[in-house]
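Student: Below is one structure. I have some questions about it.
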Amino acid sequence: MVPIATHTKSILPPSSTAFLLLFLTGFLISSTVVESRAPFACDPSNRGTSNFPFCRVNLPTSNRVRDLLGRLTLAEKVRLLVNNAAGIPRLGIQGYEWWSEALHGVSDVGPGTKFLPTFLGATQFPQVITTASTFNDTLWEEIGQVVSNEARAMYNGGKAGLTFWSPNVNIFVIQDGVEVKKHREKILHWLLDMLLDT
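Sequence positions in the sequence shown follow mature numbering (1 follows the signal peptide of the UniProt record, and there is no 0) and run -36 to -1, 1 to 162.
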């Protein structure tokens, strides 16, 4: 039997900077998608804000993030660090509730997702540790696609945002476990591909 390590390693540093960048990346990705609901930001009908560089989808994401960060005051940045992020009307950014959970399927545990009356529920899968122990990356991808499709449907229906707490990439590390490391790297690349695939 191979011993299991008593700790996990973090992929990203637990800093507010990393969190803010993740939030802003999600914001920029969601602002480029045309859906059946009012835009979170960069509303083309708002001529006062739609021409900001951070709204121009033809610019590189890094330029858009830099522009947005440069326009935000320190107080506005701080207000974006909580789950019920305040709107920033001068930039045309609506308030956003990003506490939605999808650890093993879209859940209505957080205040950001409401099922009824539009949605009766969502598909629930086994706890993440159980799914991870299969070492079946095809299964992981299929579960991710179902969760992603259901989350997008709830967003389109106005019942959730596009930010969901999801499985932790830090699955248990087996000492000298090359197989586990290989699968962890696959999960990370798969999650990044899904995040950037708009």
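No residue lacks a Cβ here, since even glycine has one placed at the ideal position from N, Cα and C.
#1: Would you call the region 33 to 43 and the region 92 to 102 touching, i.e. three or more CB-CB distances under 8 Å?
#2: On a CA-only basis, which of Val21, Trp129 and Ala124 is nearest Tyr60? Give me that one, please.
#3: Among Leu23, Val111 and Leu55, which residue has its Cα nearest to the Cα of Ser71?
#4: For Ala49, does the three-state DSSP call read helix, strand or coil?
#5: If you run the structure through DSSP and keep just helix, strand and coil, what is residue 173?
#6: How many Å lie between Gly85 and Gln58 at the Cα?
#7: Excluding five sequence neighbours on each side, which residues of the same chain lie with their C-beta closer than 7 Å to the C-beta of His68?
#8: Spell out the partners DSSP gives Ile57 in its beta bridges.
#9: Using the three-state DSSP reduction, which class does Ser71 fall into: helix, strand or coil?
#10: Counting only the same chain and skipping the five closest in sequence on each side, list residues whose C-beta sits under 8 Å from that of Phe(-18).
#11: Taking the alpha carbon of Asn10 as the point to measure from, which residue in Ala117, Gly56 and Glu114 has its own alpha carbon closest?
#12: Pick helix, strand or coil for Trp129, following the three-state DSSP scheme.
#13: Taking the C-alpha atoms as reference points, what is the distance between Asp7 and Thr95?
#14: Is it buried or exposed for Pro3, if we count other Cβ within 10 angstroms and need 16 for buried?
#15: What does Glu65 pair with, by DSSP beta-bridge criteria?
Tutor: By the coordinates alone:
#1: Contact between the region 33 to 43 and the region 92 to 102 is absent: fewer than 3 CB-CB pairs across the two stretches fall below 8 Å.
#2: Per the Cα distances, Ala124.
#3: Answer by Cα proximity: Val111.
#4: Strand.
#5: Because residue 173 is not part of the residues shown, which for the chain are -36 to 162, the question remains open.
#6: Straight-line Cα distance between these residues: approximately 26 Å.
#7: Excluding residues within five positions, the ones whose Cβ falls inside 7 Å are Gln88, Phe89, Pro90, Gln91 and Val92.
#8: Its beta-bridge partners are Ile52.
#9: Residue state for Ser71 is assigned as strand, using DSSP reduced to three classes.
#10: Per-residue confidence for Phe(-18) stands at a pLDDT of 48, beneath the threshold of 50, marking its modelled position as unreliable; the derived number appears in the next sentence. Only Leu45 meet the Cβ criterion.
#11: Considering only Ala117, Gly56 and Glu114, the residue with the shortest C-alpha distance to Asn10 is Gly56.
#12: Note: Trp129 maps to strand in three-state DSSP.
#13: Going by the C-alpha atoms only, they are around 40 Å apart.
#14: Pro3 should be labelled buried.
#15: DSSP lists Ser71 and Trp129 as the beta-bridge partner residues of Glu65.
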